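A.B. asks:
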Amino acid sequence: MDSIDDILGEVPLPPYVTVEDVTFAIKAISVHAAEQWPDGPRCRNDRAPHPCRLHRWGRRILDQRGLTDRQIHALIAEQEAPRP
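Going by the numbering used here, the sequence shown opens with residue 135, and the numbers climb by one from there.
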């Protein structure tokens with residue numbers, strides 16, 4: 135973990151996961167995706183070592199909701215699809 139992770143710790147999960155939380159989690163995962171750098175993967179949004187705090191939070195939300203990797207990728211693709 136980088137120093138900000140040491141200071142702030144993990145982003146807390148809500149007491150129960152709502153549809154709105156899932157929407158935010160999908161957005162967090164897509165915005166805070168990995169990007170390859172010479173020193174290893176980093177978050178493309180904040181350049182923290184990947185996975186960053188918000189990416190980990192999004193994954194924990196979706197794991198709590200019981201979504202599979204395939205379902206998560208489908209939701210991300212749907213979110214990133216161009217709208218007519």
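For every residue, glycine included, the Cβ atom is placed at its ideal position computed from N, Cα and C. Predicted model only: the values in this text are computed from it and were never measured.
#1: My assumption, with CB atoms under 8 Å, is that Arg181 sits in contact with Ala167. Please give the rounded CB distance.
#2: What is the DSSP secondary structure of Arg176, counted as helix, strand or coil?
#3: May I have the straight-line CA-CA distance separating Trp191 from Gln205, to the nearest angstrom?
#4: Less than 7 Å between C-beta atoms, sequence neighbours within five positions excluded: which residues of the same chain meet that for Ala162?
#5: Within a Cβ cutoff of 7 Å, which residues of the same chain sit near Ile195, ignoring the five residues on either side of it in sequence?
C.D. replies: Checking against the coordinates, here is how it stands:
#1: Incorrect: roughly 12 Å between the Cβ atoms, too far for contact.
#2: strand
#3: Rounded to the nearest angstrom, the two C-alpha atoms are 17 Å apart.
#4: Within the same chain, Ala162 has close Cβ partners Leu188, His189, Trp191, Gly192.
#5: Same-chain partners within the cutoff: Leu147, Val151, Asp155, Val156, Ala159.
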